[in-house]
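Here the structure comes first, spelled out in structure tokens, and everything after it is commentary.
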Amino acid sequence: MEQLPAQKSAKFGPGLESSTKMDKVVVVEDRKKQVKKRLPLDPDDTLAVATLSSAFGGALGLEFETSEGMLQTCRLDPEGKKLFAPAAGWTGQTFFAIFSDVPQLPVSRKFGADISNSPETGRVEAATLPRPISPDWDKSVMHYLLETDAGCCVTVMARRAAVTCWHCISDELTVGDFVNVKPARGNPSAKFPNKERSAVLKIVLIDERTDFVLLLSAIDLCIDPPFSEDASFGLPYIMLGLSGLEREFTEIIGLKTTVVNAPLVIKRGVVSSKRRDKFNRHLGDAGMNPGDSGAGLYGLDGAFLGIAVCFDTESDKGISLCHFAPATFLEIRIQDLGYSMAQLNSSNYQGYPEKEK
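The numbering of the sequence shown is this note's numbering, which starts it at 190 and goes up by one.
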């Protein structure tokens, strides 16, 4: 960490540069505005996210350039309030503030609200205030996690539609076949809105290359449908999953995992890729394990970001990276198939939704 004298310099912006000589600080830069500031570290050698956000409005995290010339993000604590130093420490380098590109939304917006309000655009009109973050937002997104009879994750994407991974379902199933689902173990809802404990979903799309399956429902799968959002670089998220019974996993990276009601788990991470790979997937740093494929990723405001597909892991399973299909890509595939999100969020259908003519 740097110990800088209390002097002002034209190189650094105003605000937090009046530290004493013994203050432990880190140099942070806003690359867009080309402004650098010295931010004080806490006694435990971490940087408070509140300090970062106060100095650089809207900043959510830090990244730095490694010796190999690659950008790497600083790790967050489980509560998302502190940033840890990299292995090389805070000393001798400049860190870059990461900002969220989350759009602003109307005051009336609530979690899971339908965004198909504008007949001209199918989108909500211009925003006035940022979307609020409720202390119970994570409880609302748990309602969107379903599971098959085999215990595989299925994620609600609209009132009448759900998505999962192709490798999660039987190889014998094909388009036109049916899959039984129910609210996942640990889901606060034991029943669907029509009071049934299970639903029969129809497979309408199997994309083996991107490992994506679209399923439609003849009944409403939720009361308030999720709203989708682009998974921008550096955006914090949580991921649901059904890997809580894997004891080795919860012991090794328990600091980033909360077992809600086994096997349901909630894991925290940050979107760590700037562009999609050849399979149209983003990369996140939340630990992922068998049992999590097909589960949803959500922003801290409840926005649906995508579904977990696969992971890279070290041999000891202590470090894993999640590859996820972003919600924006899933919506494009759905629209290419002939469905609209407004149509799939409608409760007016008798039976399964049909393609728009």
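Built from N, CA and C at the ideal position, the CB exists for glycine as well.
Could you round the C-beta distance between residue i and residue j to whole angstroms and report it? I think they count as a contact, below 8 angstroms.
{"i": "Ala516", "j": "Ser417", "result": "4 angstroms"}
{"i": "Val330", "j": "Tyr487", "result": "5 angstroms"}
{"i": "Gly485", "j": "Phe493", "result": "6 angstroms"}
{"i": "Gly433", "j": "Ile392", "result": "About 27 angstroms separates the two Cβ atoms, so there is no contact after all."}
{"i": "Phe500", "j": "Leu510", "result": "6 angstroms"}
From the DSSP output, in three-state form, read off residue i for me.
{"i": "Met331", "result": "helix"}
{"i": "Asp219", "result": "strand"}
{"i": "Ser378", "result": "coil"}
{"i": "Cys357", "result": "helix"}
{"i": "Ser417", "result": "strand"}
{"i": "Leu228", "result": "strand"}
{"i": "Glu254", "result": "strand"}
{"i": "Ser536", "result": "coil"}
{"i": "Asn306", "result": "Its pLDDT being 36, under 50, Asn306 is placed unreliably in this model, and the coordinates cannot settle the point."}
{"i": "Arg264", "result": "coil"}
{"i": "Met428", "result": "strand"}
{"i": "Tyr528", "result": "coil"}
{"i": "Leu489", "result": "coil"}
{"i": "Ile521", "result": "helix"}
{"i": "Leu362", "result": "coil"}
{"i": "Ala484", "result": "coil"}
{"i": "Ala237", "result": "strand"}
{"i": "Ala316", "result": "With a pLDDT of only 30 at Ala316, under the threshold of 50, the placement of this residue in the model should not be trusted; the figure read from the coordinates follows. Coil."}
{"i": "Phe300", "result": "Caution applies to Phe300, whose pLDDT of 32 falls short of 50 and renders its modelled position unreliable; the model cannot decide the point."}
If I measure Cβ to Cβ from residue i and keep anything under 8 angstroms in the same chain, skipping five residues before and after, which residues do I get?
{"i": "Pro542", "result": "Arg349, Ala350, Leu405, Tyr528, Gln532, Leu533, Ser535"}
{"i": "Lys270", "result": "Ala237, Val238, Ala239"}
{"i": "Asp396", "result": "Trp355, Val402, Arg522"}
{"i": "Glu520", "result": "Ser417, Met530"}
{"i": "Glu545", "result": "Gly527, Tyr528, Ser529, Gln532"}
{"i": "Thr235", "result": "Asp266, Lys271, Leu272, Phe273, Ala274"}
Please work out which residues of its chain come closer than 6 angstroms, Cβ to Cβ, to residue i, disregarding the five sequence neighbours upstream and downstream, and give them in chain order.
{"i": "Glu252", "result": "Leu260, Thr262, Phe285, Ile287"}
{"i": "Leu241", "result": "Ala248"}
{"i": "Pro382", "result": "Asp409, Ile412"}
{"i": "Thr559", "result": "The structure shown does not extend to residue 559, since the chain is modelled only from 190 to 546, so the question has no answer here."}
{"i": "Ser462", "result": "His471, Leu472"}
{"i": "Phe245", "result": "Asp219, Ala286"}
{"i": "Leu394", "result": "Leu403, Leu526"}
{"i": "Arg264", "result": "Phe273"}
{"i": "Cys357", "result": "Cys341, Ser482, Gly483"}
{"i": "Gln192", "result": "At Gln192 the pLDDT is 47, less than 50, meaning the model places this residue with poor confidence and gives no usable figure here."}
{"i": "Ser359", "result": "none"}
If you drop the 5 nearest sequence neighbours on each side, which residues of the same chain put their C-beta closer than 7 angstroms to that of residue i?
{"i": "Val498", "result": "Cys354, Asp400, Arg470, Ser482, His512, Phe513, Ala514"}
{"i": "Val156", "result": "Any question about residue 156 goes unanswered here, given that the chain covers just 190 to 546."}
{"i": "Leu390", "result": "Ala351, Phe367, Val368, Val370, Leu404, Leu405, Ser406"}
{"i": "Val345", "result": "Tyr333, Leu335, Ala351, Leu410, Cys411, Pro415"}
{"i": "Tyr538", "result": "Arg349"}
{"i": "Gly340", "result": "Leu431"}
{"i": "Ala388", "result": "Val370, Phe381, Ser406, Ile408, Leu410"}
{"i": "Asp338", "result": "Asn369"}
Name the DSSP bridge partner or partners of residue i?
{"i": "Lys391", "result": "Phe367, Leu405"}
{"i": "Glu336", "result": "Cys342, Lys371"}
{"i": "Asp396", "result": "Phe401"}
{"i": "Val352", "result": "Thr344, Leu403"}
{"i": "Pro515", "result": "Gly495"}
{"i": "Gly473", "result": "Val460, Cys511"}
{"i": "Phe288", "result": "Ala248"}
{"i": "Val271", "result": "First, the amino acid is wrong: residue 271 is Lys here, not Val. Looking at the DSSP assignment, Lys271 forms a beta bridge with Ala237."}
{"i": "Phe500", "result": "Cys511"}
Taking 8 angstroms as the CB-CB limit, is residue i close to chain B?
{"i": "Asn478", "result": "Judged by its chain identifiers, the structure shown contains no chain B, having just a single protein chain."}
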